[in-house]
Structures are given as structure tokens and as C-alpha cells.
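Notes follow once the structure below has been shown.
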Amino acid sequence: MRVTAKELYGVRRARIEAERRALLARLAEISVQEHTLELELKYGLLTGESALDLLTGQIGPARRGSSQQSPGDGKEGQP
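Number 89 in our numbering belongs to position 72 of the sequence shown; there are no gaps in the numbering.
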């Protein structure tokens with residue numbers, strides 16, 4: 018039994034839509050990173066002495082020994 022051309026079209030169309038949505042999600046992540054960077058510049062947080070908590074919006078001392086990267090910055094799994 019084989020799939021019809023119409024069914025194959027539907028599968029390929031769904032795959033393209035999934036890729037499009039993944040790209041839009043990545044674009045949204047980049048937008049959040051850019052906005053976070055702007056806030057860090059505005060509030061003088063680029064020195065690393067203080068950090069912005071993205072969940073609460075609070076500015077506090079930077080945690081020593083932990084990564085300063087925000088979630089979803091694409092650096093996971095790198096040494």
C-alpha cells in the first residue's frame with residue numbers, strides 16, 4: 018500500500034509548518050536576549066557584579082561560580 022500524492026503533500030506541508038514555527042520560536046528567543054542585553058546596559062549590569070533575574074525582574078548580586086548565560090542562548094552542551 019502506498020500513500021497518495023495528496024497525503025504526501027499534507028505530510029510535507031506539515032513538516033514545513035513545523036520548521037516555520039521552530040524558526041519563529043528561535044526568533045522570539047533572540048528578541049528576549051536582545052531586550053535583556055538592553056536592560057543590562059541600562060542598569061549597569063554588564064560588569065558581572067550584579068545580575069538580572071529574568072523570572073522575578075529583580076536585580077541582585079551575581080552568583081559566583083554559575084553561568085551568566087540566560088536560558089536558551091544556544092550554548093548548551095558546549096565545553
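Where a beta carbon is used, it is the ideal one built from N, C-alpha and C, also for glycine.
Element boundaries [alpha helix (DSSP H), containing glycine 27]: 22-59
Starting from glycine 77 and walking both ways along the beta strand (DSSP E), at which residues does that stretch end? 76-78
Does DSSP put leucine 63 in a helix, a strand or coil? coil
Which residues does DSSP list as the beta-bridge partners of leucine 72? Paired residue(s): none; leucine 72 is not in a bridge.
How about the region 30-39 and the region 49-57: do they share at least three Cβ pairs that are nearer than 8 Å? no
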